[in-house]
Amino acid sequence: RPHVRACDRLHAWATPYSTSTRALQSSIYPHKVIEMGEKAMISGLALTSRSTYGAGLLRWVQFCDEFKIPEHLRMPASDQLVIGFIGFWMGRVSGGTIKTWLSGIRGWHDFHEAAWPFDSRRIRFARQGAYTAGSHHRRARRNPISIQHMLALYSGLDHSIPYHCAIWAVA
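Numbers given in my numbering equal positions in the sequence shown, counted from 1, plus 906.
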């Protein structure tokens, strides 16, 4: 895998499947058409989303490397491989983190025109298990904002500054 920033992994990391799909497209369409389409797809995601998706993709590759999953089985991924990934991380991180990582892996599949087992009930069961097992990773509930908090904010603002007035208005 090329060493790239997390936000660039979605389009920079390839598999035999994505390489063959790209070769087929290149035999049909001019390179510029493919390039413009990829740019449009990548532009559809915010930089922070691309970075988050890239983090999930890194975890996927690490999982596949650890279990010596051949490159050609990583994309398109089977539901068995996806639920194995969920099981590997289950209890280590929150269910929400796993969900975000899965979104990144799915985005990677979508970008490279690979099928994703999105309607798998087994994946839904595994995700629910991950939420349950990862519940201890959730942040503790915080106390609600009180009138004392609001008064402290109010007294800390300079009401002659429009920006401070805007802060008070949205508080």
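Virtual Cβ for every residue (Gly too), placed ideally from N, Cα, C.
Starting from residue i and walking both ways along the alpha helix (DSSP H), at which residues does that stretch end?
{"i": "Phe969", "result": "953-972"}
{"i": "Arg916", "result": "Checking the sequence, you will find Leu at residue 916 rather than Arg. Counting along the chain, the alpha helix (DSSP H) containing Leu916 begins and ends at 915-918."}
{"i": "Glu1019", "result": "It is not in any alpha helix (DSSP H) - Glu1019 carries neither H nor E in the DSSP assignment."}
{"i": "Leu1063", "result": "Premise fails: Leu1063 is in no alpha helix (DSSP H) and is neither H nor E."}
{"i": "His1070", "result": "1068-1076"}
{"i": "Ala929", "result": "922-934"}
Put residue i into one of helix, strand or coil per three-state DSSP.
{"i": "Met947", "result": "helix"}
{"i": "Met1056", "result": "helix"}
{"i": "Val999", "result": "strand"}
{"i": "Thr1006", "result": "helix"}
{"i": "Gly1040", "result": "coil"}
{"i": "Met981", "result": "coil"}
{"i": "Arg907", "result": "coil"}
{"i": "Arg1012", "result": "helix"}
Between the C-alpha atoms of residue i and residue j, what's the straight-line distance to the nearest angstrom?
{"i": "Gly990", "j": "His909", "result": "26 Å"}
{"i": "Ile1053", "j": "Ala1072", "result": "19 Å"}
{"i": "Ala929", "j": "Ser949", "result": "23 Å"}
Three-pair Cβ contact test at 8 Å for the segment 1012-1032 versus the segment 973-989: yes
Segment contact flag, the segment 953-962 with the segment 1000-1013, C-beta cutoff 8 Å, min 3 pairs: yes
Any 3 or more C-beta pairs closer than 8 Å across the segment 1006-1015 and the segment 914-934: yes
Meets three-Cβ-pair contact criterion under 8 Å: the segment 950-959 and the segment 987-1000: no
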